[in-house]
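Student: Here the numbering used here is used: the first residue of the sequence shown is 765, the next is one more, and so on.
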Amino acid sequence: MSVTVRVPAKVNVQLAVGAARPDGFHDLANVFLAVGLYDEITVTPADELRVTCDGPDADQVPLDRTNLAARAAVALAERYGRSPGVHIHIAKDIPVAGGMAGGSADGAGALVACDALWETGAPREELLEICAELGSDVPFSLVGGAALGIGRGEQLTPLETGGTFHWVFAMAGRGLSTPAVFREFDRLGEGRDIPEPVASAELLAALAKGDPDALAAAVSNDLQPAALSLFPELAGTLAAGRAAGALTALVSGSGPTTAFLVRDPESAAAVAQALLASGTCRTVRTASGPAPGATIAGR
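Printed below as a string of structure tokens:
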């Protein structure tokens, strides 16, 4: 028997970041939107824990126990007093090291898949608790849709969305380390008062109405200056997307993927073509959201 779970990527339509806490983390007001780019996680019984991966940039995915999918299997097995012997296969389609929560998606997918395979019957609240232990973005990968994350981003409140939002994502030629981007955020903020992170009322209203123009006017990412400081070439990609007609452009999360909100699928195709022609990115993808969270796709 095997279980396959499909898990979406995310874009941060708002990422408000507070000052570094004593534990090194930052308080966030993180408005997540799941989008229709998916990894598929398949788990099969095995004598020992093993991870394999295929798909774009699969060679960059760790296959040892540092992989969030492996850590999820171990965490669930420990809670239920069983061996984590399972083969986890990741069919990768979410950009790797792109700020779209691909690793977090794999963790959430493996957790749901192992729960189903082992018939542990873990309550959803317990799965979310394990997700939060694995990483700040992992709970949202389980939930999907749209949500406000506070704390480190793991304390989620679901958000209403009044329609479908269309996006183009441009993948850069190299990755960016999330810890490095946060360190640069701290460096750039030295000597300044950094306000407490708060969700934008205008942005939440735009999501609820399904209004792409209002959402475009309200999106923000406090990590974008740090990402651009470490990866200045991203400014050219953002400019190319705006010039091609995107309603707005921003770095997705900690980057280096850049996200372009557009009005409809036809606009997405035109912006994607222009971005590719600009030579400022490695590849592009189009997707819409909200998308469902971790979902069992097959047994």
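Note that CB positions come from ideal geometry on N, CA and C, so glycine has one too.
Expressed to the nearest angstrom, what Euclidean distance is found between the alpha-carbon atoms of ARG829 and ALA978?
Tutor: 43 angstroms
Student: Rounded to a whole number of angstroms, what is the C-alpha to C-alpha distance between GLY862 and GLU890?
Tutor: 28 angstroms
Student: Need the endpoints of the beta strand (DSSP E) that LYS774 sits in, please.
Tutor: Residue range 767-784 is occupied by the beta strand (DSSP E) that includes LYS774.
Student: Between PRO1029, GLY1053 and ALA1008, which has its C-alpha nearest ALA1038's C-alpha?
Tutor: ALA1008
Student: For the beta strand (DSSP E) containing PHE1024, name the first residue and the last one.
Tutor: Run containing PHE1024: 1022-1026, per the beta strand (DSSP E) assignment.
Student: In whole angstroms, what is the alpha-carbon distance linking ALA896 and PRO996?
Tutor: 32 angstroms
Student: Express the C-alpha separation of ALA970 and SER1031 in angstroms, rounding to a whole number.
Tutor: 20 angstroms
Student: Could you please give the first and the last residue of the uninterrupted alpha helix (DSSP H) stretch that includes PHE946?
Tutor: 942-952
Student: Quick one: give me the first and last residue of the alpha helix (DSSP H) that PRO996 is part of.
Tutor: Looking at the DSSP string, PRO996 is not in any alpha helix (DSSP H), and its letter there is neither H nor E.
Student: Just verifying my parser: in three-state terms, what is the DSSP assignment at ALA798?
Tutor: Strand.
Student: Am I right that SER1052 and PHE929 are in contact with their C-beta atoms under 8 angstroms? What's the rounded C-beta distance?
Tutor: 6 angstroms
Student: Would you mind working out which of ALA855, VAL825 and ALA877 sits nearest VAL838, comparing C-alpha positions?
Tutor: ALA877
Student: How would you call VAL775, buried or exposed, if buried means at least 16 neighbouring beta carbons within 10 angstroms?
Tutor: buried
Student: Could you tell me if ALA936 is buried or exposed, where buried requires 16 or more neighbouring beta carbons within 10 angstroms of its beta carbon?
Tutor: buried
Student: Go ahead and label THR1022 buried or exposed: buried means 16 or more other beta carbons lie within 10 angstroms of its beta carbon, across all protein chains shown.
Tutor: By the 10 Å Cβ count, THR1022 comes out buried.
Student: Starting from PHE904, follow the alpha helix (DSSP H) in both directions and report where the run begins and ends.
Tutor: 902-907
Student: Report, in whole angstroms, the separation of the C-beta atoms of ILE894 and LEU967, which I expect to be a contact under 8 angstroms.
Tutor: Rounded, the Cβ-Cβ distance is 30 angstroms, inconsistent with contact.
Student: Taking the alpha helix (DSSP H) that GLN1037 belongs to, which residues open and close that run?
Tutor: 1029-1042
Student: Between the C-alpha atoms of SER766 and ALA1061, what's the straight-line distance to the nearest angstrom?
Tutor: 11 angstroms
Student: Quick check on VAL962: buried or exposed, where buried means 16 or more other Cβ atoms within 10 Å of its Cβ?
Tutor: Burial call: exposed.
Student: My understanding is that VAL777 touches VAL799, with C-beta atoms under 8 angstroms, so please give their C-beta distance in whole angstroms.
Tutor: Their Cβ separation, rounded to whole angstroms, is 10 angstroms, which puts VAL777 and VAL799 out of contact at 8 angstroms.
Student: Hey, how far is the Cα of ASP857 from the Cα of THR1059?
Tutor: 16 angstroms
Student: Can you give me the C-alpha to C-alpha distance between PRO859 and ASP950, rounded to a whole angstrom?
Tutor: Cα-Cα distance, rounded: 26 angstroms.
Student: Look at the Cβ atom of ALA773, then the Cβ atom of LEU801, and state whether they are nearer than 8 angstroms.
Tutor: yes
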